[in-house]
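Q: Right, I'll just put the structure down here and ask away after.
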Amino acid sequence: MANIGMKLLKYAILNEDENSYSVVKTMGKAISASISINTSEGSLYADDTLAEFETSFQSANVTLTLDDDNDTVFSEILGKTMDTTSGIVSSSINDNSPYIGFGYIVSKVKNNVKTYRAQFFPKIKFKPFIPDANTKGDSITYGTPSIEGTTIANNSGIWEQHVDKTTEAEAITALTAFFVQVTPPIND
């Protein structure tokens with residue numbers, strides 16, 4: 068299947084129990100998402116050949132490009148202070164970004180048939196950023212903010228979930244359901 072679109076960036080603060088989320092909110096309008104998985108790898112050589120190979124998930128880096136760096140949204144997900152009266156956002160060395168659940172909808176097509184994927188990351192923390200700025204030139208060039216985050220496994224060992232649906236409405240319902248799931252922690 069070929070990806071042909073992306074929309075509906077949603078997030079919610081992960082509650083302290085790490086099994087539920089606060090209110091689901093819209094992050095902004097999606098431009099792109101890039102996911103890079105970090106793994107640990109080990110190789111065992113025997114009789115001068117590779118006998119065993121193991122790889123395991125460690126984390127994933129997520130880079131999002133959005134249409135806007137809305138102060139209300141990014142103050143919340145980056146742990147910054149925003150004075151609601153003056154609108155001043157303060158970045159401090161004491162800021163602590165909360166873990167959030169994050170997801171979006173991907174439009175796909177194969178053999179001229181569209182499907183929609185609800186993509187979800189249950190535990191991610193975003194890093195502070197300041198958008199790039201450029202002077203105006205001869206032509207109009209849009210500058211869009213990008214934000215980077217790291218996703219790790221939740222208490223159940225899950226770091227990513229997705230489901231494909233036949234309609235966009237079904238995918239939106241599925242994305243919303245990811246935020247209200249409660250999964251028990253892994254027993255040691």
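Note that the sequence shown covers residues 68 to 255 in my numbering.
For each residue, glycine too, the CB sits at the ideal point set by N, CA and C.
Quick caveat: nothing in here was measured; it's all calculated off a predicted structure.
1) Inspect the beta-carbon positions of Asp-135 and Gly-95 and report whether they are closer than 8 Å.
2) Taking contact to mean at least 3 C-beta pairs separated by less than 8 Å, is the segment 182-195 in contact with the segment 226-238?
3) Where DSSP assigns a beta bridge to Glu-119, which residues make up the other side?
4) Cα separation between Ile-207 and Ala-200?
5) Helix, strand or coil for Thr-293, going by three-state DSSP, please let me know.
6) Can you tell me where the alpha helix (DSSP H) with Val-90 in it begins and where it stops?
7) Just how far apart, CA to CA, sit Tyr-112 and Tyr-88?
8) So what does DSSP say about Thr-139, is it helix, strand or coil?
9) Rounded to a whole number of angstroms, what is the C-alpha to C-alpha distance between Ser-174 and Thr-116?
10) Which residue or residues does DSSP assign as beta-bridge partners of Asp-231?
11) When you compare each of Ser-110, Thr-93, Ile-155 to Leu-133 by their alpha carbons, which one comes out closest?
12) Please name the residue in Gly-204, Val-90, Lys-77, Ile-71 whose C-alpha comes closest to that of Leu-131.
13) Between the Cα of Glu-121 and those of Thr-106, Ala-127, Asp-114, Val-129, spot the shortest distance and give me the residue it belongs to.
14) What does Ala-97 pair with, by DSSP beta-bridge criteria?
15) By the three-class DSSP mapping on this structure, what secondary structure does Ile-197 have?
16) Considering only the alpha carbon of each residue, which of Thr-148, Trp-226, Asn-221 lies closest to Asp-84?
17) Could you please give the first and the last residue of the uninterrupted beta strand (DSSP E) stretch that includes Glu-215?
18) Assuming Ile-71 is part of the beta strand (DSSP E), what are its boundary residues?
19) Would you report the Cα separation of Lys-203 and Pro-212, rounded to the nearest angstrom?
A: To lay it out plainly:
1) yes
2) yes
3) Leu-111
4) 13 Å
5) Past the edges of the chain, shown from 68 to 255, lies residue 293, and the structure says nothing about it.
6) No alpha helix (DSSP H) holds Val-90; DSSP gives it neither H nor E.
7) 45 Å
8) helix
9) 43 Å
10) Arg-184
11) Thr-93
12) Lys-77
13) Thr-106
14) Leu-133
15) coil
16) Asn-221
17) 213-218
18) 69-80
19) 17 Å
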